[in-house]
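Here's the structure, in structure tokens; my notes come after.
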Amino acid sequence: MSTSPTPDPALTSTIADRAARVRDRIAEAAHRGGRDPGAVTLVAVTKTRPLETVRAAVAAGLRDLGENRVQELVEKSDAMPGESAGGAVRWHLIGSLQRNKARDAAARADLFHALDSLRLANALDKWAAEAGRVLPVLVQVNISDEDAKHGLAPDAAPDLLAAVGERPNLRLVGLMGMAAIAEDEGDLDRVVRPAFQRLRRLYDDAPAPLSILSMGMSGDFGVAAEEGATHVRVGTALFGPR
0 MSTSPTPDPA
10 LTSTIADRAA
20 RVRDRIAEAA
30 HRGGRDPGAV
40 TLVAVTKTRP
50 LETVRAAVAA
60 GLRDLGENRV
70 QELVEKSDAM
80 PGESAGGAVR
90 WHLIGSLQRN
100 KARDAAARAD
110 LFHALDSLRL
120 ANALDKWAAE
130 AGRVLPVLVQ
140 VNISDEDAKH
150 GLAPDAAPDL
160 LAAVGERPNL
170 RLVGLMGMAA
180 IAEDEGDLDR
190 VVRPAFQRLR
200 RLYDDAPAPL
210 SILSMGMSGD
220 FGVAAEEGAT
230 HVRVGTALFG
240 PR
């Protein structure tokens, strides 16, 4: 098995320190919400980050990596065969996806976070069957009421959940959502928390049991951990501003 170059020790140390601080904040938030911190998975969002940074993140102990673009996911996983083989690294596709990119997503993503239409579900189901696998997926719900954000309207989610559950090569495992960006600390309780609570209610009321609730980013992952997130997607707090 081929191996990747040794990552930069200083960069690895910096990322490890930041990851420890993020995990401490997740633990504090989970305890405030009466939850087990171990129930929250930290997804390191490596989108647009250079390969050297991704390798350093893995060396720092981060095993769940999030990419927005399927082509970037494929390129990075191909460049890291030792880490990608055997599930040592789990590749999360967290960005919206065009149907003409569904083939690579169905074959290469370990978890797709942004399923938002029946047509995309059908395309992914077709290509997952060709790849001989079952693709775990999350349905993305627009909980911010912002037109710029992708995802289904909350009242449309139950129908798509039911339809996805009937696709033989898709495994519906949960929901994903993004709250509006908090402009100040007050917005975390006024705007962000109600959005996450809304997604949690959809999760709890789903027609079939779900196991993953993906919500929370660098600016609001603490609130997400309090409100029931099982996966938080963090980039800037780990890697600094782009």
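The opening residue of the sequence shown carries number 0 in numbering that gives the first Met the number 0; numbering runs sequentially from there.
Don't be surprised by glycine CBs; every beta carbon is placed ideally from N, CA and C.
Just so you know, these numbers come straight off a predicted model, no measurement behind them.
Residue pairing for residue 140: DSSP places it in a beta bridge opposite 151 and 176. Between residue 192 and residue 199, the alpha-carbon positions lie close to 10 Å from each other.
Annotation: the continuous beta strand (DSSP E) that includes residue 211 extends over 211 to 214. Secondary structure of residue 82 (DSSP, three-state): helix.
Taking a contact to require three or more Cβ pairs closer than 8 Å, the stretch 26 to 35 and the stretch 77 to 86 do not qualify as touching. Cβ neighbours of residue 128 within its own chain (closer than 6 Å, five residues either side excluded): 168.
Per DSSP, residue 235 is not a residue of any beta strand (DSSP E); the alpha helix (DSSP H) it occupies stretches across 235 to 238. Per the coordinates, the alpha-carbon of residue 116 lies some 43 Å from the alpha-carbon of residue 9.
Cβ neighbours of residue 190 within its own chain (closer than 6 Å, five residues either side excluded): 179. When the beta-carbon positions are compared, residue 232 and residue 215 come within less than 8 Å of each other. As the crow flies, the alpha-carbon of residue 114 is around 18 Å from that of residue 71. DSSP places residue 187 in the helix class (H, G or I) of the three-state scheme. In the three-state reduction of the DSSP assignment, residue 170 falls in the strand class, which pools E and B. With respect to the 8 Å criterion, residue 38 and residue 237 are not classified as neighbours on the basis of their beta carbons. A direct Cα-to-Cα measurement between residue 135 and residue 162 gives close to 14 Å. With a contact defined as Cβ atoms closer than 8 Å, residue 64 and residue 56 qualify at about 7 Å. For residue 65, the enclosing beta strand (DSSP E) begins and ends at 63 to 66. In this chain, the alpha helix (DSSP H) harbouring residue 197 covers 192 to 203.
Taking residue 99 as the centre and dropping the five residues before and after it, the same chain places no C-beta closer than 6 Å to its C-beta.
Residue 12 counts as exposed, since fewer than 16 other beta carbons sit within 10 angstroms of its beta carbon.
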